[in-house]
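There are 2 protein chains.
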Amino acid sequence: MPLKHAILGLLNYADMSGYDIDRFFKSSIAFYWHAQTSQIYKELNNLTANHYVESDIVYQSDKPNKKLFHITDEGKVELHRWLADANIDDIMKYKNPLLIKIFFSGNLGIDQTMRLLEKYIQSCAQIIEDMNADINKISEFEAQIEQKDESFFWSMTMTYGFMYYQNEIKWANWCIDKLKERIS
Amino acid sequence: MPLKHAILGLLNYADMSGYDIDRFFKSSIAFYWHAQTSQIYKELNNLTANHYVESDIVYQSDKPNKKLFHITDEGKVELHRWLADANIDDIMKYKNPLLIKIFFSGNLGIDQTMRLLEKYIQSCAQIIEDMNADINKISEFEAQIEQKDESFFWSMTMTYGFMYYQNEIKWANWCIDKLKERIS
DNA sequence: GGTCCCATGTAACAAGTTACATGATTCC
DNA sequence: GGAATCATGTAACTTGTTACATGGGACC
């Protein structure tokens, strides 16, 4: 569901090609939702079949031609239905592959568990760096669309990202300290 | 992958029926991995087909008969292969449906966004309560299995749960404060 | 008689992953 | 000639969801 509605949400801001949408999922939004290129094109087919979006071919001389998608009235209704739906059951269906691994790490060596956690810390730190680099992209994107007030909500997700990954690092460091105590 | 290996991990501790495994996924481990009953039974079929687990029928007079699963040597090899695999690409493929909704909440009213966040806070608080109630289940489960040193790793996941959900509440409250500023 | 716990699934479908496949234009 | 960016997908497969389906035993 979220991918479908994220695409509708993007097309509600501006007309985009599959490539544009894919690029967006590879940048800012990637911190909250990861999606494959192939899945985006597949989902665009589904959305078209459901009459939530439509597309026109745009012929370009300097670049390959592209299919420009736009949201339909039906699509807007569906987007708002989803946004207004305050049911959070789906949201609470949490899945964390790292935690499953840690849970069973008693079968692994302490040193190997520590290495995994250290790798995780590095990845989280890298994401925080990437987010810092992406902060100005918000204003860039905002300049392209009509709605000028969006950045307020986008900043809430940005703040989430920083708080989340910092908290992950904090936890992983706590674990490493505890593991070190065990060795000595 | 994680479900498959979580089941292998559980069967590595003790022989279990599909029902036992399901109950486990509905309790403690639910904070890190949510799974449907139907999916567990399906996955047990896959694991059997791959010779990672085997089962025997246990006839019970006071209760319905059951299929008791045990891990094979092949299954143990696969479990350790997965545990030792330090590749964290899959782990970093993050997906957060709430954040997607917040990202597009500019199309919604501020009051509706606040209500969603308040609901989320309540759900997180409820989970923290449930986790507190489940803390003693660790020692219960530990008493049932051979390995006595596991609780150390389980406490790392428990600590994660508390830190994670407290951080979620902190962020959501920050958002609500910011939204309130907007109204006044 | 009703509810709860125990116990095991199937079928249809939706969502997500991996690998493959192609080809244009631009800039160095 | 090669790398980077633009551009769009398909096929096979795995994973996860939703709805359905059944039935025994215990306890009140």
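Protein chains in written order, with our numbering: chain C, 1 to 184; chain P, 1001 to 1184.
Where a beta carbon is used, it is the ideal one built from N, C-alpha and C, also for glycine.
Just so we're clear, the structure is a prediction, and the values are computed from it rather than from any experiment.
Next item on the list: Could you tell me whether the stretch 1056-1065 of chain P touches the stretch 80-95 of chain C, where touching means 3 or more Cβ pairs closer than 8 Å?
Entry: Under the Cβ criterion (8 Å, minimum of three pairs), the stretch 1056-1065 of chain P does not count as touching the stretch 80-95 of chain C.
Check: Among ARG1182/P, ILE1007/P, ASP1130/P, which residue has its Cα nearest to the Cα of GLY1075/P?
Finding: The shortest Cα separation from GLY1075/P among ARG1182/P, ILE1007/P, ASP1130/P belongs to ILE1007/P.
Next item on the list: Count the other C-beta atoms from every protein chain shown that fall within 10 angstroms of the C-beta of LYS1188/P, then say buried if there are 16 or more, exposed otherwise.
Entry: The structure shown does not extend to residue 1188/P, since chain P is modelled only from 1001 to 1184, so the question has no answer here.
Check: Are TYR1052/P and ILE1029/P touching if we call contact CB-CB under 9 Å?
Finding: No, the Cβ-Cβ distance between TYR1052/P and ILE1029/P is not below 9 Å.
Check: Looking at the C-beta of PHE153/C, does it have a partner C-beta in chain P at a distance below 9 Å?
Finding: Closer than 9 Å: yes.
Item checked: GLN112/C at chain P interface by Cβ criterion, 9 Å -> Closer than 9 Å to some Cβ of chain P, the Cβ of GLN112/C qualifies, so yes.
Margin query: Strictly below 9 Å CB to CB, what residues from chain P border PHE69/C?
Written below: Those within 9 Å of PHE69/C in chain P number zero; the least Cβ separation is about 16 Å.
Next item on the list: My understanding is that TYR120/C touches ALA172/C, with C-beta atoms under 8 Å, so please give their C-beta distance in whole angstroms.
Entry: Separation of the CB atoms of TYR120/C and ALA172/C is rounded to 5 Å, and the pair is thereby assigned contact status at 8 Å.
Next item on the list: Let me know if ASN12/C comes out buried or exposed under the rule of 16 or more other beta-carbons within 10 Å of its beta-carbon.
Entry: Buried, by the Cβ-count rule.
Check: Quick one: complete alpha helix (DSSP H) runs, 4+ long, within the stretch 1047-1096 of chain P?
Finding: As far as the stretch 1047-1096 of chain P is concerned, its whole alpha helix (DSSP H) runs of at least 4 residues are 1073-1084.
Margin query: 9 Å is my cut-off, CB to CB: does ASN96/C come that close to chain P?
Written below: With a threshold of 9 Å between beta carbons, ASN96/C makes contact with chain P.
Next item on the list: Give the range of the alpha helix (DSSP H) segment to which ILE29/C is assigned.
Entry: Here ILE29/C belongs to no alpha helix (DSSP H), and DSSP marks it neither H nor E.
Next item on the list: Compare the beta carbon distance of ILE1128/P and TYR1094/P with 9 Å and say whether it is the shorter of the two.
Entry: Their beta carbons are not under 9 Å apart, which means ILE1128/P does not touch TYR1094/P by this criterion.
Next item on the list: Could you spell out the range, first to last residue, of the alpha helix (DSSP H) harbouring PHE104/C?
Entry: Boundaries cannot be given for PHE104/C, as no alpha helix (DSSP H) includes it and DSSP labels it neither H nor E.
Check: Is SER1184/P helix, strand or coil by DSSP?
Finding: If DSSP states are grouped into helix, strand and coil, SER1184/P belongs with coil.
Check: Can you pull the DSSP bridge partners for SER17/C?
Finding: Answer is LEU68/C, bridged to SER17/C.
Notebook entry, point to check: Closest to ASP149/C by CA distance: which of GLY1106/P, TYR1160/P, PHE1153/P is it?
Noted result: Measuring from the Cα of ASP149/C, the nearest candidate turns out to be GLY1106/P.
Margin query: Taking the beta carbon of ASN167/C as the centre, do at least 16 other beta carbons fall within 10 Å, making it buried, or is it exposed?
Written below: Here ASN167/C is buried, its C-beta having at least 16 other C-beta atoms within 10 Å.
Notebook entry, point to check: Taking ALA1133/P as the reference, which of PHE1031/P, ILE1021/P, TYR1019/P, LEU1010/P has the closest Cα?
Noted result: Checking every option, the nearest Cα to that of ALA1133/P belongs to PHE1031/P.
Next item on the list: Indicate whether GLU1043/P and LYS1067/P have their beta-carbon atoms separated by less than 9 Å.
Entry: Taking C-beta atoms as the reference points, GLU1043/P and LYS1067/P fail to come closer than 9 Å.
Note to self: Relative to the C-alpha of HIS1080/P, which candidate in PHE69/C, GLN112/C, GLU78/C, TRP82/C has its C-alpha closest?
What the structure shows: Here the closest residue by C-alpha is GLN112/C.
Margin query: Let's test the definition: count the other Cβ atoms within 10 Å of the Cβ of LYS1026/P and tell me whether it reaches 16, buried, or not, exposed.
Written below: A residue is called buried when at least 16 other Cβ atoms come within 10 angstroms of its Cβ; LYS1026/P does not meet this threshold and is exposed.
Margin query: Given this structure, state the Cα-to-Cα distance separating VAL77/C from GLY9/C, to the nearest angstrom.
Written below: Straight-line spacing of the CA atoms in VAL77/C and GLY9/C works out to 11 Å.
Next item on the list: Leaving out five residues on either side along the sequence, give the residues of the same chain with a beta carbon under 7 Å from the beta carbon of TYR1041/P.
Entry: The residues are GLY1018.
Next item on the list: Kindly indicate if chain C contains any beta-carbon less than 9 Å away from that of GLY1075/P.
Entry: No - not a single Cβ of chain C is within 9 Å of the one on GLY1075/P.
Check: Leaving out five residues before and five after LEU1179/P in sequence, what residues of the same chain have Cβ atoms less than 7 Å from its Cβ?
Finding: If you ignore the 5 residues before and after LEU1179/P, its C-beta comes within less than 7 Å of the C-beta of ILE1110, THR1113, MET1114, all in its own chain and listed in chain order.
Checklist line | Beta-carbon neighbours of ASP1062/P, restricted to chain C and to distances below 8 Å | finding: Chain C residues near ASP1062/P: none, gap ~32 Å exceeds 8 Å.
Note to self: When you compare the CB positions of ILE1102/P and TYR160/C, do they come within less than 9 Å of one another, or not?
What the structure shows: ILE1102/P is a Cβ neighbour of TYR160/C, given a cutoff of 9 Å.
Check: Nearest CA to the CA of LEU1116/P: which residue from ASP1130/P, ILE1169/P, PHE1069/P?
Finding: Of ASP1130/P, ILE1169/P, PHE1069/P, the residue nearest in Cα terms is ILE1169/P.
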